[in-house]
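One structure below.
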Amino acid sequence: EKGTYPHYMLKEMDEQPAVVRKIIQAYENENGDLAIDQDILDAISNADRLYIIAAGTSYHAGLLGKQYFEKLAGIPVEVHISSEFGYNMPLLSEKPLFIFITQSGETADSRQVLVKIKEQGYPALTITNVPGSTLSREADYTLLLHAGPEIAVASTKAYVAQLAVLAVAAYVKGKSEGKNIDFDLKTELAIAANGIQSMIDLKDELEQIAEDYLKIARNAFFIGRNADFYVSLEGALKLKEISYIQAEGFAGGELKHGTIALIEDGTPVFALVTQEQVALNIRGNVKEVVARGANACIISMEGLEEEGDRLIIPKVHPILTPLVSVIPLQLISYYAALHRRCDVDKPRNLAKSVTVE
Ligand code: F6R
244 EKGTYPHYML KEMDEQPAVV RKIIQAYENE NGDLAIDQDI LDAISNADRL YIIAAGTSYH
304 AGLLGKQYFE KLAGIPVEVH ISSEFGYNMP LLSEKPLFIF ITQSGETADS RQVLVKIKEQ
364 GYPALTITNV PGSTLSREAD YTLLLHAGPE IAVASTKAYV AQLAVLAVAA YVKGKSEGKN
424 IDFDLKTELA IAANGIQSMI DLKDELEQIA EDYLKIARNA FFIGRNADFY VSLEGALKLK
484 EISYIQAEGF AGGELKHGTI ALIEDGTPVF ALVTQEQVAL NIRGNVKEVV ARGANACIIS
544 MEGLEEEGDR LIIPKVHPIL TPLVSVIPLQ LISYYAALHR RCDVDKPRNL AKSVTVE
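Under full-length UniProt numbering, think of the first position of the sequence shown as 244, with each following residue one higher.
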């Protein structure tokens, strides 16, 4: 029930700190350490490569999941859009493990891949919010998101939960192999949960940003590098699906290869600056678009901020910045949709679970 909330989406965004805390608890063993089932750990150990298969927002989470498994556990990962995978299957490694990321567990595009790879005898793990869902039942293993029901069509808390669970799985796997991991993920996730809360507490400011940048916008760009690029893709998807403003996420360095031609006087460009090693480069890209008239909204992380940045997100561990930086993008999209009197919870042409291919 949405109770006193005007929209499920707002309620679900508000729940995000609690969802991260719930995941910490759900994946804690009796010693208080993060853990996943031994059979899942074994399945990952037996694989020489992970194939992440997902659609939409879940695909965007998968792109970050690849970074987690490669950086923390040293396992090579490919990420594929489910609807493309069936007829465009890459050459598989000798011992693949398929990981399906799906909030609903019912997405037909993802299921057809699962059916196909099961026919070929490959193992599958589903990461889902819905126990007993089709993709959970038909896979060999399941990791649950523990996000509680997500009713709004636009996925918010499930995305954050997907990132947290992917990080836990990669971290536990890396630790079990004695990889050199110099931080405590439980502590860092708890810090991220607080960071998420501090963004949610800035609703008035985020509504103002939506007003200042998107009130009359026909289109909008989201740019970032590294992890910020993947969050930009998600920010753009949120904005277009609920406000119908045409929006695109781009890798900062890729802009000059064509897309920058679209920048005009007043074009809104949201730039994320949370990754230290590319902070200067992305600021260079911001200068390029501003020189062509863009109305740039810089969202940076504490420690990397500069004068003129519109929003500063609190410092969190570099691999967890997406959990926090996506929050302002969700809320800005929500307010942009409200300002345009869009049906936030049930955008036109969209269904919560897409059960046709
Ligand atoms: C966007 C959104 C969709 C879903 C996609 C996959 O806000 O909700 O892009 O992420 O349809 O759905 P699941 O995760 O249920 O497989």
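Glycine included, every Cβ here is placed at the ideal spot set by N, Cα and C.
Classify K530 as buried or exposed, calling it buried when 16 or more other Cβ atoms lie within 10 Å of its own Cβ.
What you label residue 530 is simply residue 287 of the sequence shown in a count that begins at 1. By the beta-carbon neighbour count (other beta carbons within 10 angstroms, threshold 16), K530 is exposed.
Put C321 into one of helix, strand or coil per three-state DSSP.
The sequence position of residue 321 within the sequence shown is 78, counting from 1. Per the sequence presented here, residue 321 reads as Glu, with Cys not at that position. Strand at E321.
Is L480 near the ligand F6R - that is, is its Cβ less than 7 Å away from at least one heavy atom of it?
Here residue 480 is taken as the residue at index 237 of the sequence shown, counted from 1. Yes, Cβ of L480 sits closer than 7 Å to a heavy atom of the ligand F6R.
Under the criterion of a Cβ to heavy atom distance below 7 Å, does T300 qualify as lining the ligand F6R?
Start at 1 with the first residue of the sequence shown, and residue 300 comes out as number 57. T300: yes, Cβ under 7 Å from the ligand F6R.
Cβ pair L406, L505 closer than 8 Å:
Counted from its first residue, the sequence shown places residue 406 at position 163. Counted from its first residue, the sequence shown places residue 505 at position 262. Not closer than 8 Å, so no.
Distance check for V320 and S336, CA to CA, integer angstroms please.
Your numbering for residue 336 matches position 93 in the sequence shown. Your numbering for residue 320 matches position 77 in the sequence shown. Roughly 11 Å separates the two Cα atoms.
Residue range of the beta strand (DSSP E) that G467 falls in?
Locating residue 467 in the sequence shown gives position 224, where the first residue counts as 1. Secondary structure note for G467: its beta strand (DSSP E) is the uninterrupted segment 462-467.
Contact between the region 280-292 and the region 390-399 is defined here as three or more beta-carbon pairs at a separation below 8 Å; is this criterion met?
no
Hey, could you find the ends of the alpha helix (DSSP H) R526 is sitting in?
In the sequence shown, residue 526 corresponds to position 283, counting from 1. Where R526 is concerned, the enclosing alpha helix (DSSP H) stretches over 522-534.
Just to confirm before moving on: does the CB-CB distance between K309 and V322 stay below 8 Å?
Reading the sequence shown from its first residue, position 66 is the one you call residue 309. Reading the sequence shown from its first residue, position 79 is the one you call residue 322. The criterion of a C-beta distance shorter than 8 Å is satisfied by K309 and V322.
On the premise that L284 lies in contact with V415, defined as a C-beta separation below 8 Å, what is that separation, rounded to the nearest angstrom?
Counting from one through the sequence shown, the residue named residue 415 turns up at place 172. Counting from one through the sequence shown, the residue named residue 284 turns up at place 41. Sure, about 7 Å apart at Cβ, within 8 Å.
Could I get the ranges of all uninterrupted alpha helix (DSSP H) runs contained in the region 354-434, with 4 residues as the minimum, in chain order?
377-381, 400-419
Here's the rule I'm using: 16 or more other beta-carbon atoms within 10 Å means buried, otherwise exposed. How should I459 be labelled?
Residue mapping note: residue 459 aligns to position 216 of the sequence shown, counting from 1. Exposed, since its Cβ has fewer than 16 Cβ neighbours within 10 Å.
Host beta strand (DSSP E) of T564 (start-end):
In the sequence shown, counting from the first residue as 1, residue 564 sits at position 321. Careful: T564 lies outside any beta strand (DSSP E), inside the alpha helix (DSSP H) at 564-582.
For Q259, is the classification buried or exposed, using 16 other Cβ atoms within 10 angstroms of its Cβ as the cut-off for buried?
Looking up residue 259 in the sequence shown gives position 16. Result: buried.
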